[in-house]
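Numbering (the working numbering), first residue to last: 698 to 842. Every residue gets a Cβ at the ideal spot worked out from N, C-alpha and C, and that includes glycine.
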């Protein structure tokens, strides 16, 4: 992620300097920066999910007992797993549809953008399955509920 952010920053900075300093620009930097930004966003979402750092609304959950919090977590994780399925399925369809569309300047297939959603959805789904398995194992061993 650091490499993506550094590359994106260098490309944008170079383009700004060229545009305002020399009244010219490198057209490919805009397209490549956009692709990198999409990938950075989706990979950041996976890392934030793995570290459990996404924004949470806890106004309801803090008032529940630990037992009910676990039940609610199981329900929300299951719902999120379904959302990941929809995201992966939709991203795959869009990836296939747009793989033949070529960006006008860079020549990169526009389907690559949707591949980021597919990969991120798959990784988040994998992390959810691991978390659901861990929670279910704890329930079976009597540690929770």
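Contact set for residue i: own chain, Cβ-Cβ below 7 Å, skip 5 residues either direction
i: residue 803; result: 725, 728 and 729
i: residue 811; result: 788, 791, 792 and 795
i: residue 732; result: 805, 809 and 810
i: residue 815; result: 785, 788, 789 and 792
Exposure of residue i, with buried meaning 16 or more beta-carbon neighbours within 10 Å
i: residue 717; result: exposed
Separation of residue j from residue i, as counted between CA atoms
i: residue 747; j: residue 826; result: 12 Å
i: residue 813; j: residue 702; result: 15 Å
i: residue 755; j: residue 775; result: 18 Å
i: residue 830; j: residue 700; result: 33 Å
Contacting residues, own chain, Cβ-Cβ under 8 Å from residue i (five flanking each side not counted)
i: residue 758; result: 766 and 769
i: residue 761; result: 769
i: residue 698; result: 737, 740, 741 and 744
i: residue 798; result: 806, 807 and 808
i: residue 734; result: 705
i: residue 832; result: 767, 770, 771, 774 and 841
i: residue 722; result: 712, 715 and 716
Could you say if the region 799-812 and the region 767-779 meet the contact criterion of at least three C-beta pairs nearer than 8 Å? no
Could you tell me whether the region 821-828 touches the region 775-784, where touching means 3 or more Cβ pairs closer than 8 Å? Contact between the region 821-828 and the region 775-784 is present, because at least three Cβ pairs lie under 8 Å.
Return the chain-ordered ranges of every alpha helix (DSSP H) run that is complete within the region 740-824 and spans a minimum of 4 residues. 763-795
Check whether the region 705-724 and the region 785-793 are in contact - that is, three or more C-beta pairs closer than 8 Å. no
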